[in-house]
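Protein chains in written order, with our numbering: chain A, 1420 to 1665; chain B, 3 to 154. Ideal placement from N, C-alpha and C gives every residue a C-beta, glycine not left out. Everything below concerns the one structure shown next.
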Amino acid sequence: MFNLLHRLSSPPSFFAFAGRALPWLLGGALLLIAAGCYQGLVVAPADYQQGDSYRIMFVHVPSAWMSLFIYMVMAAAGAIALVWRIKLAEVIASASAPIGASFTFLTLVTGALWGKPMWGAWWVWDARLTSELILLFLYLGYMGLESAIPDKRSAARATAILALVGSVNIPIIHFSVEWWNTLHQGATVTKLGAPSIHPSMLLPLLLMAVGFKLFYFANLLVRARCQMLEREQRSHWVSTLIKEAA
Amino acid sequence: MTPKRTQRLLLITGLVVGVGIAATLASLAFRENMLFFFAPAQVLAGDAPVGRNFRLGGLVEAGSIQRAGDGLTVDFIVSDGAATVPVRYKGLLPDLFREGQGVVALGRLETDGRFMAEEVLAKHDENYMPPEVAEALKTAQDNKQPLAGRPM
């Protein structure tokens, strides 16, 4: 198992593997997101309190989950890069940052669009919203720090430390609605006990969540392959690849 | 694991644990400021700031909403089950504002104990269901505990 992982993490085999996995991931993502949109916008019933406005949840909640998940991937990849100095881990952490920042931005925007009609405010400084905004700044800071250091390998080390330090924000975001009084409601699905959402509404939510996850992996592989080529441009396997393509 | 890698692993574990402890201590120290609103019981106990704006959160008590003749001023009572605070607000209310609904009002406490709100936000819960299911749940609950302790 460890051997297989080790072989897969070498740049040329990762490049080939990612290229093969890409169409499957992208196809699965599009299929699931299309099914989720249909289920969420057409099939699922209106909410007893919020009417049709709640449907923005099918974008907002999966985006929010992704914003946390991608940061955890970045922190874990950063830790691996720091300890074992594996190039693939550096590339994955770095390629994840813009995707995570986009999902965080999407979470904040859809949250504001949902908040105005339901709460009566686009934005409030409660613990959940504020900690999610800090997450966006962490992503942006990560990308800024990375582009400020010309050498890729030292940039990877510096950003890995930032990602690890910032990872304390992740449990804060998740538990903010329990630890403090917030305007944002508590967890519906990611809590102990049964989800407090009707199955007809849970289905599109889960479809979208898995669809978003596959979309992230597809996007990640595209970016990671591209970065790998850039970093390895002087290596033998890249020049063979170019010769084959020519 | 080479000794060097073990050392690096320990180092970053220490870093994350250290930052985690620092964040915990900081958020405990700022506990008061992290609260988005005060409940009526906290207000009556004198925990809420006096003479400046703060947020009051709770449920709108059933049957307490009274609209004044001008159509904009609304009086209602916010309750947390333990205590109640009367609130007056002049302005547009969010769609979700209704009896039994969670609200968060920003404003100040007058000397007569009335809370003059400048802004009223509705808080919704984490439950999502179709109207028919909500209706069925309500009927089931009503049948289970007939009249006892239920506000009419």
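Between the alpha carbons of Y1473/A and M118/B, how many angstroms are there, rounded?
Here the question's residue 1473/A lines up with position 54 in the first sequence. Here the question's residue 118/B lines up with position 116 in the second sequence. Cα to Cα, Y1473/A sits roughly 30 Å from M118/B.
Exposure of D49/B, with buried meaning 16 or more beta-carbon neighbours within 10 Å
Here residue 49/B refers to the residue found at position 47 of the second sequence. Exposed: under 16 other Cβ atoms inside 10 Å.
So with CB distances below 9 Å, who are the chain B contacts of L1501/A?
Reading the first sequence from its first residue, position 82 is the one you call residue 1501/A. Within chain B, the residues near L1501/A are R10, L11, L13 and I14.
CB-CB under 7 Å to D1500/A, same chain, minus the five flanking residues each way: which ones, in chain order?
To locate residue 1500/A, count along the first sequence from 1; it is residue 81. Rather than Asp, the amino acid found at residue 1500/A in this sequence is Ala. Around A1500/A: A1508, E1509, A1512, A1575 and A1579.
Under 7 Å from the C-beta of Q1468/A: neighbouring residues of chain B:
By one-based count along the first sequence, residue 1468/A stands at place 49. Ordered by position in chain B, the residues that pass the 7 Å Cβ test against Q1468/A are L98 and H126.
Partner residues on chain A for L123/B, Cβ-Cβ distance less than 8 Å:
Numbered from 1 along the second sequence, position 121 holds the residue referred to as residue 123/B. The answer, in chain order, is W1538, G1539, A1540, V1543 and L1602.
Using C-beta distances below 8 Å, list every residue in its chain close to L1639/A, excluding the 5 sequence neighbours before and after it, in chain order.
Along the first sequence, read from residue 1 onward, the residue named residue 1639/A stands at position 220. Correct list, in chain order: I1511, A1514, S1515 and I1518.
Can you name, in chain order, every residue of its own chain whose Cβ lies under 8 Å from the Cβ of F1436/A, other than the five neighbours on each side?
Translated into positions along the first sequence, residue 1436/A becomes position 17. Here the set comprises L1427.
Check whether the region 1559–1576 of chain A touches the region 1605–1617 of chain A, taking contact to mean three or more Cβ pairs, one atom from each stretch, closer than 8 Å.
no
Chain-order list of residues whose beta-carbon lies under 6 Å from that of F1522/A (same chain, five-residue window excluded)
As a first step, residue 1522/A is located in the first sequence; it is residue number 103 there, counting from the start. So the list reads S1482, M1485 and S1486, once near-sequence residues are dropped.
In the region 128–145 of chain B, which residues sit with their C-beta less than 7 Å from some C-beta in chain A, listed in chain order?
E128, N129, Y130, M131, P132, P133, V135 and A136
Burial state of S1550/A, where buried means 16 or more other Cβ atoms lie within 10 Å:
Your numbering for residue 1550/A matches position 131 in the first sequence. Buried, because 16 or more other Cβ atoms sit within 10 Å of the Cβ of S1550/A.
Which whole-angstrom value is the C-beta distance of R90/B and T113/B, which I expect to be below 8 Å?
By 1-based counting over the second sequence, the position of residue 90/B is 88. By 1-based counting over the second sequence, the position of residue 113/B is 111. About 14 Å separates the two Cβ atoms, so there is no contact after all.
Buried versus exposed, by CB contacts within 10 Å (16 or more), G151/B
On the second sequence, position 149 is the one that residue 151/B refers to. Residue confidence is low: G151/B scores 42 on pLDDT, short of 50, so the model does not pin down where it sits. Its coordinate-derived value is still stated next. Classification for G151/B: exposed.
So what does DSSP say about G109/B, is it helix, strand or coil?
The residue labelled residue 109/B in the question sits at position 107 within the second sequence. Reduced to three states, the DSSP call for G109/B is strand.
Contact check, M1627/A vs I1489/A, beta carbons under 8 Å
Here the question's residue 1627/A lines up with position 208 in the first sequence. Here the question's residue 1489/A lines up with position 70 in the first sequence. For M1627/A and I1489/A, no; Cβs fall outside 8 Å.
Within 8 Å, do at least three Cβ pairs link the region 1540–1554 of chain A to the region 1640–1652 of chain A?
no
Below 8 Å between beta carbons: does that hold for G1455/A and G1563/A?
Start at 1 with the first residue of the first sequence, and residue 1455/A comes out as number 36. Start at 1 with the first residue of the first sequence, and residue 1563/A comes out as number 144. No.
For A84/B, which residues from the same chain have a beta carbon less than 6 Å from its beta carbon, with the 5 sequence-adjacent residues on both sides left out?
Within the second sequence, the letter at position 82 stands for residue 84/B. Answer for A84/B: A43, listed in chain order.
Could you tell me whether any Cβ in chain A is nearer than 8 Å to the Cβ of L111/B?
Taking the first residue of the second sequence as 1, we reach residue 111/B at position 109. By this cut-off, L111/B is not an interface position.
For a quick check, are the C-beta atoms of P132/B and P1464/A less than 8 Å apart?
The sequence position of residue 132/B within the second sequence is 130, counting from 1. The sequence position of residue 1464/A within the first sequence is 45, counting from 1. Taking 8 Å as the Cβ cut-off, P132/B and P1464/A qualify as a contacting pair.
So that I know if they touch, is there some Cβ in chain A lying closer than 8 Å to that of L61/B?
One-based indexing of the second sequence puts residue 61/B at position 59. By this cut-off, L61/B is not an interface position.
Could you compute how far the alpha carbon of P1442/A sits from the alpha carbon of L1525/A?
Start at 1 with the first residue of the first sequence, and residue 1442/A comes out as number 23. Start at 1 with the first residue of the first sequence, and residue 1525/A comes out as number 106. Spanning the two alpha carbons is a distance of roughly 25 Å.
Classify G1446/A: buried if its beta carbon has 16 or more other beta carbons within 10 angstroms, exposed otherwise.
Walking along the first sequence from the start, residue 1446/A turns up at place 27. Result: exposed.
Taking the C-alpha atoms as reference points, what is the distance between L95/B and W1538/A?
As a position in the second sequence, residue 95/B is number 93, starting the count at 1. As a position in the first sequence, residue 1538/A is number 119, starting the count at 1. C-alpha separation (whole angstroms): 9 Å.
Beta-carbon separation of L1/B and A1540/A under 8 Å?
Limits of chain B in this structure are 3 at one end and 154 at the other, which puts residue 1/B out of reach.
Chain A partners of L17/B, CB-CB under 8 Å?
Walking along the second sequence from the start, residue 17/B turns up at place 15. Within chain A, the residues near L17/B are I1580, L1583 and V1584.
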